[in-house]
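Numbering (this note's numbering), first residue to last: 35 to 454. Quick notes on the structure that follows.
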Amino acid sequence: MEFTRPRGTRDFFPEEMEKRRWVEAKIRNTFENFSYGEILTPTFEHINLITAKSGEDIVEHLYTFVDRGKRKLVLRPELTAPVMRAYVNELQSQAKPVKLYYIANCFRYERPQSGRYREFWQAGIELIGSPGAEAEAEVIALAYTILKNLNLKDFTMHIGNIGLLRKFLKNLGITEQSNFLALIDKKEHDELEKQLKFYGVKAEDRKLFFKIISLKGNTRETVARVRELFQDREILKEMDRFEETLNYIDNLGVDYSVNFGIARGLDYYTGMVFEIYAQKLGAEKQICGGGSYSLTETFGGKATPTCGFAIGFDRLILALDKDGVKAGSDNDHGVYVIPVSQEFIAYAMKITSDIREYKVCEMELKRRKLGKALSYASKKGFEYAVIVGEEKISLKNLISKEQVEIDISKMKTSLNTGHR
RNA sequence: GCCACGGUAGUGUAGCAUGGUUAGCACUAGGGACUGUGGAUCCCUUAGCCCGAGUUCAAAUCUCGGCCGUGGCCCCA
Numbered sequence: 035m036e037f038t039r040p041r042g043t044r045d046f047f048p049e050e051m052e053k054r055r056w057v058e059a060k061i062r063n064t065f066e067n068f069s070y071g072e073i074l075t076p077t078f079e080h081i082n083l084i085t086a087k088s089g090e091d092i093v094e095h096l097y098t099f100v101d102r103g104k105r106k107l108v109l110r111p112e113l114t115a116p117v118m119r120a121y122v123n124e125l126q127s128q129a130k131p132v133k134l135y136y137i138a139n140c141f142r143y144e145r146p147q148s149g150r151y152r153e154f155w156q157a158g159i160e161l162i163g164s165p166g167a168e169a170e171a172e173v174i175a176l177a178y179t180i181l182k183n184l185n186l187k188d189f190t191m192h193i194g195n196i197g198l199l200r201k202f203l204k205n206l207g208i209t210e211q212s213n214f215l216a217l218i219d220k221k222e223h224d225e226l227e228k229q230l231k232f233y234g235v236k237a238e239d240r241k242l243f244f245k246i247i248s249l250k251g252n253t254r255e256t257v258a259r260v261r262e263l264f265q266d267r268e269i270l271k272e273m274d275r276f277e278e279t280l281n282y283i284d285n286l287g288v289d290y291s292v293n294f295g296i297a298r299g300l301d302y303y304t305g306m307v308f309e310i311y312a313q314k315l316g317a318e319k320q321i322c323g324g325g326s327y328s329l330t331e332t333f334g335g336k337a338t339p340t341c342g343f344a345i346g347f348d349r350l351i352l353a354l355d356k357d358g359v360k361a362g363s364d365n366d367h368g369v370y371v372i373p374v375s376q377e378f379i380a381y382a383m384k385i386t387s388d389i390r391e392y393k394v395c396e397m398e399l400k401r402r403k404l405g406k407a408l409s410y411a412s413k414k415g416f417e418y419a420v421i422v423g424e425e426k427i428s429l430k431n432l433i434s435k436e437q438v439e440i441d442i443s444k445m446k447t448s449l450n451t452g453h454r
């Protein structure tokens, strides 16, 4: 084949698009129901926006190019940075909180595999300027509600707290924390042990450290355990705050487990973090990630607490498929209009045009004989055929195969009342 | 960036180990017959060895490289 798709991209045909649009609509409705407004930023940005947020090393995973004005640009690899950039540029003086959502495509130069493409879609939100536990709780509840509304069964939510880890590391005298958080996230415990020793952390504190990051499971027990393990005032304060968030989502009936091993490996996360997995997806099972962070100052704005998440739209679709969720609407099967011969084409076109006022309608455009035309109509899933010939018009139900002659003036009534 | 497996009409496949006919079959699509009522039957047509190099008298078949696909590793903002 001479012309092919670029690697890691996909063509979506009508059948799949119907499903994707259906899922998208559900997500959009839920966002809007929580009073978020849509934002769309440019498909490409200046490369320094991305490197400011994620570091220089990220460049090898980016689609970059230089334009005719010698500007270094990048196809957006995610939407948090662009959205926060736009907020800093234009929305800082809006009434808080500012609630934004997006559903858009992103681009990353990575090796494609199951659930990973070079062009993919993300659906997410940023709740800007609300520092409270109730804000965090609402964000978590929103992610949860979306999956529930889509009827996804196979998913688990895991909630952690980077603030706690940060304070703990600080107590141990470790101020350069990003490396540690990355190792925690990757669960490289051997390397962590080595690093802790390097920093001169005492054996009992090391033990405590590993105890904390392996804690997971039932909320009350886990949180109580952390309280037991620490006497530090700052940490207990962080725990109070964390527990408040958990209380709110308990109250809303959100199902989750606490996991202090979630570190998300990123410098700008400040407190609560969460991830949602669909186990059936295997290696690329994470379908949602988010948490509380602060990024506005990085982009030259006033430091503003923000909480957000992003759903991997393509993975969500895969998860819904594996879960057997039927995505897609019961569509109107429509009407197929067939002129029996050339002289009735004009009349058939007029009838088609009239029917389109109230129903999906397609007309035979290939001048096929009646038999073939009917065959096409039933193959394409039309519910009715209207046969236009001589002085009479016939309405045929393609499912029951019954056919009657009808008066053109009664067409709408017959189609709408579901003639059989 | 790394590893495994794979790549034959639009789709699914046979052929490949043992190089040698005109690369076969099914479905789909287009056309026709059955001379204005279908999902049928019959006939016809379009269309293929991923790309390149090598070995050889001869490559879909063997070798190497590339590209693409699937899955995994790394990574995952």
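Glycine included, each C-beta is placed from N, C-alpha and C at the ideal position.
Find out if the Cβ-Cβ distance for the pair residue i, residue j is shorter than 8 angstroms.
i, j, result
"lysine 250", "asparagine 293", "yes"
"alanine 337", "serine 326", "no"
"glycine 295", "isoleucine 196", "no"
"glycine 158", "phenylalanine 343", "yes"
"arginine 298", "glutamate 318", "no"
Looking at the structure shown, is residue i part of a helix, part of a strand, or coil, going by DSSP?
i, result
"arginine 150", "strand"
"lysine 14", "Because the chain in this structure spans residues 35 to 454, residue 14 falls outside the shown range and cannot be described."
"glutamine 128", "coil"
"valine 359", "coil"
"lysine 250", "strand"
"threonine 279", "helix"
"lysine 106", "strand"
"glutamate 373", "The question names glutamate, but residue 373 in the sequence shown is proline. Here proline 373 sits in strand by DSSP."
"alanine 312", "coil"
"histidine 453", "With a pLDDT of 48 at histidine 453, under the threshold of 50, the modelled position of this residue cannot be trusted; read the value that follows with caution. Coil at histidine 453, not helix or strand."
Measure the alpha-carbon distance for residue i versus residue j and round it to whole angstroms.
i, j, result
"lysine 53", "aspartate 45", "14 angstroms"
"threonine 332", "leucine 242", "33 angstroms"
"glutamine 265", "isoleucine 174", "29 angstroms"
"phenylalanine 99", "phenylalanine 378", "56 angstroms"
"alanine 120", "lysine 106", "19 angstroms"
"glutamine 320", "leucine 125", "31 angstroms"
"alanine 407", "glutamate 424", "17 angstroms"
"isoleucine 427", "glutamate 439", "6 angstroms"
"glutamate 398", "arginine 390", "14 angstroms"
"arginine 39", "arginine 110", "20 angstroms"
"glycine 207", "leucine 230", "10 angstroms"
"asparagine 450", "glutamine 128", "49 angstroms"
Closest by CA to residue i, which one among the options?
i, options, result
"glutamate 272", "Ile283, Tyr282 and Val260", "Val260"
"lysine 444", "Ile385, Gly368 and Lys201", "Ile385"
"valine 422", "Phe78, Ser148, Ala353 and Asp441", "Asp441"
"glutamate 277", "Asn185, Leu134, Gly166 and Arg390", "Gly166"
"lysine 130", "Asp357, Glu417 and Cys341", "Cys341"
"threonine 85", "Leu74, Phe68 and Val108", "Val108"
"leucine 184", "Ser448, Met383, Asp388 and Gly358", "Gly358"
Quick one: is residue i buried, meaning 16 or more other Cβ sit within 10 Å of its Cβ, or exposed?
i, result
"arginine 454", "Per-residue confidence for arginine 454 stands at a pLDDT of 46, beneath the threshold of 50, marking its modelled position as unreliable; no derived number is given."
"valine 235", "buried"
"proline 48", "exposed"
"lysine 430", "buried"
"tyrosine 178", "buried"
"threonine 43", "exposed"
"phenylalanine 37", "exposed"
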